[in-house]
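Line by line, the protein sequences give chains A, B and C. In terms of my numbering, the first sequence opens at residue 623 and continues consecutively. In terms of my numbering, the second sequence opens at residue 6 and continues consecutively. In terms of my numbering, the third sequence opens at residue 4 and continues consecutively. Structure first, then comments.
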Amino acid sequence: MSWKTNLFLGAALLGATVASAEARDLTVTSWGGNYQDAQREVYFAPFSKKTGTKVVDDSWNGGVGALRAKVEGGNADWDVVQVEAEELALGCEEGLFEQMDWSALGGKDKFIPAAVHECGVGAIVWTTLITYDGARLKEGPKSWADFWNTEKFPGKRGLRRGPKYTLEFALMADGVEPSQVYQTLGTDAGIDRAFKKLDQIKSSMVWWEAGAQPQQLLASGEVAMTSAYNARIAAANKSDNRDFRIVWPGGVYAVDSWVILRDSPNKEAGMDLIAFMSDPVNQKNLPPKVPYGVTNKEATALVDPAVLPIMPTEPGNLAAGLELNTDFWVANIERLTERFNAWVGQ
Amino acid sequence: MTAPTVPRDSSLQASSGGLKAELRRTQRRRKLEAVALVAPLFLFLAVFFLAPIAAMLFRSLDNSELPSAMPRTAEVLRAWDGAGLPPEPVFATFASELAAGQKARNLAGVAKRLTYELPNMRSALFATARALPEQPDGTWQKTLTGANAVWGEPATWAVMRRAAAPFTPLYLLAAVDREMDANGNIVSVAPDRAIYVDIFIRTFWIAIVVTVVCLFLGYPLAYKLASLPPRIANLLMILVLLPFWTSILVRTGAWVVLLQREGPINETLQTLGLITEPLQLVYNRVGVYVAMVHILLPFMILPLYSVMKGISPAYVRAATSLGATPFTAFRRVYLPQTVPGIGAGGLLVFILGVGYYITPALVGGAGDQMVSYFVAFFTNQTINWGMAAALGSVLLVATLVLYWIYAKLVGVDGMKMG
Amino acid sequence: MSLPPYASPLERAWHVTLWAIAVLVLGFLILPILVIVPLSFSSGSFLSFPLPGLSLRWYHELLGSERWLSSLRNSVIVAFASTILATVLGTLAALGLQRAKFPGSSLVLALLISPMVVPLVIVAVGVYFFYAPFGLTGSLVGLTLAHTALASPFVVITVSATLQGFDTNLSRAAASLGAGPTLAFFRITLPLILPGVVSGALFAFVTSFDEVVVALFLTGPQDRTLPRQMFDGIRENISPIIAAAATLLIVLSVALMTVMEALRRRSERLRGLR
């Protein structure tokens, strides 16, 4: 009587073979939420329309481990991924990415220096900073010291789960000058100092992982203030009629890059997509929707001047912030992530 | 299943012997049929369910990173006695395979494996690989130590030797906050890294609290339902069954909405003037308890209800008529008869609760995550698969012990739902 | 059961307290459903009361979104496929277990039921590692196989329960009248155990349709399922669109529950239990 079973099993296995033999659509992975909505509108959909290549998009929350799992697991379902600076360096060193074809992008000198890497090209300049809801807090925080001050500003706090940014913010809250932050973090005593400062607000913390969460936490009043990515806050203000405020001083800015995962079956289509997204004519359309800084030098000149003041690359905003030290995080991310996870889970 | 054939032999003696043999044959055939019917599902589960879990358990001992990337180095390291620094051939073999690995870009696994025991080995390994000359400057020992001082330390080579072994107890030890020191002794890890024992305790504690709360909420309700006329009881039972049939994500999502700082519960309490400031009900332990109790409560109510339905009210009436107070009658007569239901419901809620992942992940804070969260975290985020497998193994063993107790007390086919 | 007139004040108090607890617990059980349904009809974009107005806006958005629709499609495909597999395999196994005890049959039963108790995350991690080399991750096939394993115990249990009340003399009678085993099964056994088979199938369907943990590990960007889409939504963007999706799922559970209840009654009637 088990012929039925055999039939079903056979059909299932046949389906498996068919599914794995079938070519996969070009898959681009970014950071979700309203940022990815804008990317879909400005990059993915027009690219599909122009080239006829179907583009599927997925989102992730970072971590070089996730990329290792994809590449070394042998069944990667992503092709083009937007990665953070230290993920770019670590992954490139480990051979997780294809080499970037700079001739297809028009040469390295077309881009700002931080956007150039053998394995990737800069996608955006973005800032992580303090945000709060102007509708709830009339008098908002002005610095990381205010962020830590739960007496003056009662309520929960949101920060991204992980040591990166968190330790920098803690040291700034503890009175370390932005220019001295990485020097201090370079010593064990400096790291202990940052964790000690974090102990002070541990009980008030809500840790977020996805870039779309902080707006959610602010909108629902769950936190009084949170770190967030500058452009998502601006986009939320526009689309949901919010009065979320941004505190530029003490923000940490960095460059995100596009990479192609090693052995991607869609390597060429992926490179075409990256070239499309690096084209100044296309790049200039992103900031009006999500005001992140652009990486192609020509694009900066083309961007609608009205959004310049709320972009991380505006000179005043750059000066108020601190540049993420990629070398420090390349050397320390795994060790400090382990320590952070132990600390946060305790 | 065919008809037992009518014996043709007319002799009584012979027919009885023939019947016996016939019966044995029939029984044997029925057994074979039974096995044949069970086999498809059993084989399906063996391949697609049991084998994956067994393979995962095995992965907690997996130590293949160094041997697969540097097979010859692994071989010479295993041959070395482990005292002090290894001899020059070990350095030379390692140097040549390091250079080859740098070219083939397959050092990441080795780096990851070494970093689990010595945090700075990742950068040391890659820095050395980049700086390695074609020919040694004197000896390879001197060259490697010159490129990075870690290669001159016995502790590094003790870790290298452990990484060259076919299997490692590293992950299982780490799952109970233990590690091996440079001499190979098992010691407790530093307090700031010792978290897993706490997490197991937290996991069991949350499951216990949820089970007890479910019992205290579920028992009176089941009792009331069992004592009502069937028409009304069936009607009220819908209120138990509807959430039971509703998606866990729907219910968890609904609790996130309900418990929010500006959600309906806080608003109602504020409107009623019971509180002035909103209570923190979500992204903390309160949220986890509320949502988990809600999701698991039907698993307590249903077995209790079915046991209570079978208890004749005559016993309690008899006890009261013999002079027992209602309370005594309940405690001495009714309660003992419901113990099987309490056992079944309690164990089921506890077993299911121990493995929870989604609900704490959505309504809990960083300090409310249970073991399952860390299994998922190590698998997806840091891809420390050994650690994920080790934590998973401990959790699985705990669950199977509970399941075994459940099977002894209740019987697995007693696991009826709905 | 109302109280007799001679009940003491203490008994009356106990009676009232018990009622109060029962009502509160029932209220607690039904509260999330009572709250989430109206929110889905909100015309505003916040999940709070009072509603600014009623509208079907979020349903339009839900049913107009390619992401939600494709995740729904994926969920339905996987749920149907794994229901069919689990129902066939589970029913056969239940019939086998009832037919005769064989050496180790209680251990086999324990193994067949074990997918119900093994923590989902362990199943998810196990199949994630195990299926990857065969190209079964990031495909609906892998998810279907895993869901079949998770759903089959429900079929085994419900069908076994129906078989306990099944009079085996009926199929013996059929056999003695000359029916072959297959004919006897389809004409006699199956119609009688059908309520058990169908309710097992419904349990299997819900198990797969609701399952998110394995889906989080096994599905890629092209084959995300409805629960996975809900999971991301709850975490990142909890808007009334989630409430709308939730309401549709609640409607589905009401329908399933109604069918189950009808089946239970039919089965009890057929087996003469009532």
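All residues carry an ideal CB built from backbone N, CA and C; glycine is no exception. Computed from a predicted model, the values in this text were never measured in an experiment.
(message) The alpha helix (DSSP H) that contains A:V925, what's its start and end?
(response) DSSP places A:V925 outside any alpha helix (DSSP H), giving it a letter other than H or E.
(message) Quick check: the stretch 677-688 of chain A against the stretch 654-665 of chain A, are at least 3 beta-carbon pairs closer than 8 Å?
(response) yes
(request) Apply the 10 Å Cβ neighbour rule to B:A88 and answer buried if 16 or more other Cβ atoms are within range, or exposed otherwise. (result) exposed
(message) Quick check: A:Q566 and A:I855, are their CB atoms within less than 8 Å of each other?
(response) An answer regarding residue 566 of chain A cannot be provided, because it is not within the stretch 623 to 968 covered by chain A.
(request) Would you mind telling me which residues of chain C sit closer than 7 Å to B:S377, beta carbon to beta carbon, in chain order? (result) P122 and V124
(message) Mapping the DSSP letters down to three states, classify A:E644 as helix, strand or coil.
(response) Note on A:E644: pLDDT 49, under 50, position unreliable in the model; the coordinate value appears next. Correct three-state label for A:E644: coil.
(message) List, in chain order, every chain B residue whose beta-carbon is nearer than 8 Å to that of C:A152.
(response) F49, L50, F53 and F54
(request) Measure from the alpha carbon of B:P94 to the alpha carbon of each residue in B:A79, B:G106 and B:Q107, then state which is nearest. (result) When the alpha-carbon of B:P94 is set against those of B:A79, B:G106 and B:Q107, the nearest one is in B:A79.
(request) Below 8 Å on the Cβ atoms is my guess for C:S85 versus C:T147; work out the distance and round it to an integer in Å. (result) 5 Å
(request) Specify the secondary structure class of C:E264 as computed by DSSP and reduced to three states. (result) helix
(message) Quick check: B:Y294 and B:V218, are their CB atoms within less than 8 Å of each other?
(response) yes
(message) Just to confirm, is the Cβ distance from A:A969 to A:V952 under 8 Å?
(response) No information on residue 969 of chain A is available, as it lies outside the stretch 623 to 968 that chain A covers here.
(request) Grab the span of the beta strand (DSSP E) containing A:A745 for me, first residue to last. (result) Boundaries of the beta strand (DSSP E) around A:A745: V743 to D755.
(request) Report yes or no: is there a C-beta of chain C within less than 8 Å of the C-beta of A:V678? (result) yes
(request) Report the option in B:W260, B:F383, B:A116 and B:N188 whose CA atom is closest to the CA atom of B:P365. (result) Nearest of B:W260, B:F383, B:A116 and B:N188 to B:P365, Cα basis: B:W260.
(message) Between B:P269 and chain A, is the shortest Cβ-Cβ distance under 8 Å, so that the two count as touching?
(response) no
(request) Using 7 Å as the cut-off, classify the Cβ of A:T806 as near or not near the heavy atoms of the ligand COA, replying yes or no. (result) This structure lacks the ligand COA; in fact it carries no ligand of any kind.
(request) For chain B, find out if any of its Cβ atoms is closer than 8 Å to the Cβ of C:F208; answer yes or no. (result) Cβ-Cβ to chain B under 8 Å: no for C:F208.
(message) Let me confirm a value: B:L24 is counted as buried when at least 16 other C-beta atoms fall within 10 Å, else exposed. Which label applies?
(response) exposed
(request) Below 9 Å between beta carbons is the criterion; list the residues of the stretch 49-61 of chain C that meet it against any residue of chain B, in chain order. (result) F49, L50, S51 and F52
(request) Could you work out which residues of chain A lie near C:I253, taking near to mean beta carbons separated by less than 7 Å? (result) Neighbours of C:I253 on chain A: none; closest Cβ ~22 Å, over 7 Å.
(message) Does C:F189 come out as helix, strand or coil in the three-state DSSP assignment?
(response) helix
(request) Scan the stretch 847-872 of chain A for residues whose Cβ lies nearer than 7 Å to a Cβ of chain B and list them as they occur along the chain. (result) Interface annotation for the stretch 847-872 of chain A against chain B: empty, criterion Cβ-Cβ distance under 7 Å.
(message) Against C:E239, what residues of chain A qualify as contacts under a CB-to-CB distance less than 7 Å, listed in chain order?
(response) G654, G655, A832, A834, Q835 and Q838
(request) For the beta strand (DSSP E) holding A:Y851, just list the boundary residues, first then last. (result) It spans M847 to Y851 - the beta strand (DSSP E) in which A:Y851 sits, taken as one unbroken run.
(request) Measuring only between beta-carbons, confirm whether A:S642 sits less than 8 Å from chain B. (result) Unreliable placement is indicated for A:S642, whose pLDDT of 44 sits below 50; the coordinate value is still reported in the next sentence. Answer no: the Cβ-Cβ gap between A:S642 and chain B never drops below 8 Å.
(message) If you measure between the beta carbons of B:A136 and B:A152, is that distance less than 8 Å?
(response) yes
(message) Let's see if you can read the secondary structure: which residues bound the alpha helix (DSSP H) around B:Y176?
(response) L175 to A180
(request) With 8 Å as the threshold, decide whether the Cβ of C:R102 is near any Cβ in chain B. (result) yes
(request) Kindly say whether C:P12, judged by its beta-carbon, lies nearer than 8 Å to any beta-carbon of chain B. (result) no
(request) Step through the CB atoms of chain C and report whether any lies within less than 8 Å of the CB of A:D647. (result) yes
(request) For the stretch 688-707 of chain A and the stretch 863-880 of chain A, state whether three or more C-beta atom pairs, one from each stretch, are separated by less than 8 Å. (result) At 8 Å Cβ cutoff, the stretches touch.
(request) Could you tell me whether the Cβ of B:T387 comes closer than 8 Å to any Cβ of chain A? (result) yes
(message) Considering only their Cβ atoms, is the gap separating A:G915 from A:M933 smaller than 8 Å?
(response) yes
(request) Less than 8 Å between the CB atoms is what I'm expecting for B:A129 and B:V164, so what's the real figure, rounded? (result) Between B:A129 and B:V164 the beta-carbon gap is near 11 Å, outside 8 Å, which marks them as no contact.
(message) Against chain F, does C:G141 count as a neighbour if the rule is that its beta carbon must be under 8 Å from one of theirs?
(response) In the structure shown, chain F cannot be found, because the protein chains are A, B and C.
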